Amino acid sequence: MKISTVIKEYNLDFKKVKLIRHPLNRPDAYKHFQFTILRVLPKIISPEEAINIENLYKDKFATRIFGMNKN
2 MKISTVIKEY NLDFKKVKLI RHPLNRPDAY KHFQFTILRV LPKIISPEEA
52 INIENLYKDK FATRIFGMNK N
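Quick look at the structure:
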């Protein structure tokens with residue numbers, strides 16, 4: 002389900018959502034850093050294609066809405 006659908010269905014106001022633990026407020030955040038590889042791209046992919054795929058995942062996970070990706 003897309004985040005925009007969730008927002009509409011539950012009538013959420015994401016302007017009021019705040020991160021409980023923001024890395025800037027936690028100097029030791031690097032000790033708990035985790036990541037997941039979502040997709041491995043071939044070496045021959047163009048930069049534009051890679052950026053489009055990256056943007057697709059940013060949209061799917063709504064990272065821009067929550068202020069995690071400003072690009």
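Numbering (this note's numbering), first residue to last: 2 to 72.
From the three backbone atoms N, C-alpha and C, an ideal C-beta is built for every residue, glycine too.
All of these numbers come straight from a predicted model, not from anything done at the bench.
I need the boundaries of the alpha helix (DSSP H) containing residue i, first residue and last residue.
i: I45; result: First-last for I45: undefined, no H or E at that position.
If we ignore side chains and look at the alpha-carbon of each, how far apart do residue i and residue j end up?
i: L57; j: A30; result: 27 Å
i: L20; j: G68; result: Unreliable positioning characterises L20 in this predicted model, as indicated by a pLDDT of 46, which lies under 50. A coordinate reading is not provided.
i: F36; j: I54; result: 17 Å
i: S47; j: F34; result: 29 Å
i: R27; j: F62; result: 23 Å
Please state if the CB of residue j and the CB of residue i are separated by a distance shorter than 8 Å.
i: A51; j: L39; result: no
Please go through the same chain and pick out, in chain order, the residues whose beta-carbon is closer than 8 Å to the beta-carbon of residue i, but skip the five residues on each side of it.
i: K32; result: none
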